[in-house]
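Residues 0 to 257 (the numbering used here) are what the sequence shown spells out, left to right. Single-structure report; data block below.
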Amino acid sequence: MADLKGKIAVVTGATRGIGEASARALDAAGARVVLTGRTVSDLDRVSADLANDPITIESDLSAAHAAQSLAEEVLSRVDGIDILVNNAGIPMRRTPHELTEEDFDRVFDINVKALLFLTLGLAPSMIARGGGSVINISSVASLRGPLGRVAYAGTKGAVDAMTRALAADWGADGIRVNAICPGLIATAIWEDNRRNIPGLIERMEEQIALKRWGYGDDVADVVLFFASDASRYVTGEVIAVDGGMARVGSAPRAKEQQ
Ligand SMILES: NC(=O)c1ccc[n+]([C@@H]2O[C@H](COP(=O)([O-])OP(=O)(O)OC[C@H]3O[C@@H](n4cnc5c(N)ncnc54)[C@H](OP(=O)(O)O)[C@@H]3O)[C@@H](O)[C@H]2O)c1
């Protein structure tokens, strides 16, 4: 088990899903967690279960300069941070024919611009504390060409590229920067598709080597790895946590297992 006692961690999008699971895991490992998101009731719900004096900050990352304001707010509440989990993100299912410039701007504003400027705002405090770990939540959409999601895939490709670039920029300062590409994780992000595209979930599950959905904990355990000393010699990496969806062949399920 990772030992993160004395560490301060920020998790964006900690109100549910992968962010909630990550906040809970970091707290259980001993870190003090700063939880951010828009839904105050969920920030309160999650933080009420945490043991290490958690902090909640309401923040909508789609607004102009929101990331810079959030960084300032964080640094007004704690002396500096050691771990940043850039998890907040939105999906965008649009065919090339449907996609508008407004759609493009919205998904890039939250998934790319806010992620970068929050990181830039908090990194100096990591450097002042002798280094840290930035963990970007990307997607398998960056590793293979998903149907009907060109803008979303573009945001996650940008996250992967920025992960490597920042790892180069900050290696000498002791900041490690890595990305996790979740596959099919059972969170609220899938609710609309589950309702509106019959059979989609089952078809996608068949493409996964391990033949099951992932859960928030499957990703949070890898967040813990990157947050802890266990990954002390790993930076600039982009790792799929997808049960073998993006890069592994997948045989159909045996009849008796169906
Ligand atoms: N689930 C999957 O299958 C999957 C696969 C690949 C990648 N991912 C990535 O994993 C990350 C988390 O996804 P999830 O499945 O856990 O999604 P989710 O359940 O929909 O949670 C998304 C989180 O982001 C926050 N958020 C959304 N819009 C925001 C905004 N404008 N400002 C601030 N926070 C905002 C939400 O909080 P509020 O609504 O309270 O603001 C929520 O906490 C995303 O980056 C997503 O792209 C997920």
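Glycine included, every Cβ here is placed at the ideal spot set by N, Cα and C.
Task: ligand 3 heavy atom lying under 6 angstroms from the CB of R37 - done: With respect to ligand 3, the structure shown offers nothing to examine, as its ligands consist of ligand 1.
- [ ] Thinking N110 and T154 are a contact (beta carbons under 8 angstroms), I'd like their distance in whole angstroms, please.
- [x] Taking the first residue of the sequence shown as position 1, residue 110 is located at position 111. Taking the first residue of the sequence shown as position 1, residue 154 is located at position 155. Confirmed, Cβ separation roughly 4 angstroms.
Task: Status (buried if at least 16 other CB within 10 Å, exposed otherwise) for M0 - done: Translated into the one-based positions of the sequence shown, residue 0 becomes position 1. M0 is exposed by the Cβ-count criterion.
TODO: Could you give the DSSP three-state label for V233: helix, strand or coil?
DONE: Counting from one through the sequence shown, the residue named residue 233 turns up at place 234. Coil at V233, not helix or strand.
- [ ] Give me whichever residues DSSP pairs with V240 in a beta bridge.
- [x] Position 241 of the sequence shown holds residue 240. In DSSP, V240 forms a bridge with P181.
Open item on the list: Please classify A226 as buried or exposed, where buried requires at least 16 neighbouring CB atoms within 10 angstroms.
Closed with: Along the sequence shown, read from residue 1 onward, the residue named residue 226 stands at position 227. Classification of A226: buried, given that the 10 Å Cβ count is 16 or more.
Open item on the list: Can you tell me which residues form a DSSP beta bridge with T55?
Closed with: For the purposes of this step, residue 55 is taken as residue 56 along the sequence shown, with counting starting at 1. DSSP output for T55 lists L34 as bridge partner(s).
Open item on the list: Could you give the first and the last residue of the continuous alpha helix (DSSP H) run that contains V77?
Closed with: Walking along the sequence shown from the start, residue 77 turns up at place 78. That residue, V77, is in no alpha helix (DSSP H); it is neither H nor E in DSSP.
Open item on the list: What would DSSP say about L83, mapped onto helix, strand or coil?
Closed with: For the purposes of this step, residue 83 is taken as residue 84 along the sequence shown, with counting starting at 1. If DSSP states are grouped into helix, strand and coil, L83 belongs with the strands.
Open item on the list: Check for me: the alpha helix (DSSP H) holding V45 runs from which residue to which?
Closed with: Along the sequence shown, one-based indexing puts residue 45 at 46. Where V45 is concerned, the enclosing alpha helix (DSSP H) stretches over V39 to A47.
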